[in-house]
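Residue numbers (the numbering used here): 48 to 261. Just so you know, even glycine gets a beta-carbon here, dropped at the ideal spot from N, CA and C. Nothing here was measured: the structure is a model prediction, and the numbers come from that model. Working notes, structure below.
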Amino acid sequence: MSSDQLFDALQKYHELSKVPFWTTFFQSVTYLSPFITLLSIFVAYFAVNRTQKKNMENDNKKAKRELRLKAADDFIEAISTVKMSFHDTVAVKQVWEIYLSGQINTASLENYIDKCISEQYKSTLMMAVQFKKRKIILKEYEREVEYIYEMGSKMGRILTLFNAYLSQPSSNKSRISGIINDIESDSKELNDHLNKLMIIVQENFIGKILQVED
Numbered sequence: 048m049s050s051d052q053l054f055d056a057l058q059k060y061h062e063l064s065k066v067p068f069w070t071t072f073f074q075s076v077t078y079l080s081p082f083i084t085l086l087s088i089f090v091a092y093f094a095v096n097r098t099q100k101k102n103m104e105n106d107n108k109k110a111k112r113e114l115r116l117k118a119a120d121d122f123i124e125a126i127s128t129v130k131m132s133f134h135d136t137v138a139v140k141q142v143w144e145i146y147l148s149g150q151i152n153t154a155s156l157e158n159y160i161d162k163c164i165s166e167q168y169k170s171t172l173m174m175a176v177q178f179k180k181r182k183i184i185l186k187e188y189e190r191e192v193e194y195i196y197e198m199g200s201k202m203g204r205i206l207t208l209f210n211a212y213l214s215q216p217s218s219n220k221s222r223i224s225g226i227i228n229d230i231e232s233d234s235k236e237l238n239d240h241l242n243k244l245m246i247i248v249q250e251n252f253i254g255k256i257l258q259v260e261d
């Protein structure tokens, strides 16, 4: 066999023994399959973990938002109750004038004053309790709550003194008139204060939440 024939024979053998491209490709894929599977598992794990983390963050934000909104709503309701109790107190002057005209007796006037004292005490106490329950959320209104509670306590003392003077209304008319003026002035001042506070709380909580949602 000549050298040329030997070369041709070797070349044909090489071509026959050469593995086709697709066979090599599929063999490579087979070898890489475990790695690809493992990589897919990692990608899926981190994608799911990231989604779960994002969902948890959204749930926490929603829970905090709902808690803040609930705290603000309860606080506004408590302020409104205090406001309503002072409406009765503002009317003490009109009730006193009705008493002087003889349309009601002393017992009826005393009962009205007692009602004012009771409702005012309960409403201011409820507001203070509501504030303490959610102080971590409402802490910026601590001074406002203290002021309202102090004004309520002051009004309670004035009304109690008024009732004491009613035991001798004729001899205490001038004192009662002075007390009534104080009651009217303080009640209107506190009523204005409560109105402003309600608006501020609504803007700081409900207004901001609605802006975020928009």
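Can you grab the Cα-Cα spacing for the pair residue i / residue j, in whole Å?
i, j, result
"F68", "E104", "In this predicted model, F68 has a pLDDT of only 45, less than 50, meaning its place in the structure is not dependable; the value taken from the coordinates is given anyway. For F68 and E104, the distance between alpha carbons rounds to 50 Å."
"Y146", "I205", "19 Å"
"A175", "A119", "14 Å"
"N152", "E189", "42 Å"
"I227", "K108", "50 Å"
"T157", "Q249", "Note that residue 157 is Glu in the sequence shown here, rather than Thr. In a straight line, the C-alpha of E157 is about 37 Å away from that of Q249."
"N154", "Y196", "It should be noted that the sequence gives Ala, not Asn, for residue 154. Going from the Cα of A154 to the Cα of Y196 covers about 28 Å."
"S165", "A110", "37 Å"
"Y212", "K235", "23 Å"
"F133", "Q215", "26 Å"
"L221", "Y194", "The question names Leu, but residue 221 is Ser in the sequence shown. Near 29 Å, if we compare the C-alpha coordinates of Y194 and S221."
"N242", "N219", "34 Å"
Label residue i either buried or exposed according to how many other C-beta atoms from any shown protein chain fall within 10 Å of its C-beta, with 16 as the threshold for buried.
i, result
"M198", "buried"
"I246", "exposed"
"T136", "buried"
"K130", "buried"
"S170", "buried"
"I183", "exposed"
"S232", "exposed"
"L244", "buried"
"Q167", "buried"
"L237", "buried"
"S217", "exposed"
"L53", "Caution is warranted here: a pLDDT of 48 is assigned to L53, below 50, making its placement in the model unreliable, and the coordinate value is therefore given only provisionally. So L53 ends up on the exposed side."
If you follow the alpha helix (DSSP H) that residue i is part of, which residue opens it and which one closes it?
i, result
"N210", "E189 to Y212"
"S234", "K220 to V248"
Can you list, in chain order, the residues of its chain whose CB lies under 6 Å from that of residue i, leaving out five sequence neighbours each side?
i, result
"G254", "none"
"M173", "A125"
"R181", "A118"
"F178", "L185 and V192"
Within a Cβ cutoff of 8 Å, which residues of the same chain sit near residue i, ignoring the five residues on either side of it in sequence?
i, result
"D239", "none"
"W143", "L156, I223 and I227"
In chain order, what residues of the same chain have a beta carbon less than 7 Å from the beta carbon of residue i, not counting five sequence neighbours either side?
i, result
"F252", "R115, L116 and A119"
"I123", "M245, V248 and Q249"
"G203", "I164, Q167 and Y168"
| Considering only residues of the segment 127 to 186, which uninterrupted alpha helix (DSSP H) runs meet the minimum length of 4 residues and lie entirely inside it, listed in chain order? | 139 to 147, 153 to 180 and 182 to 185
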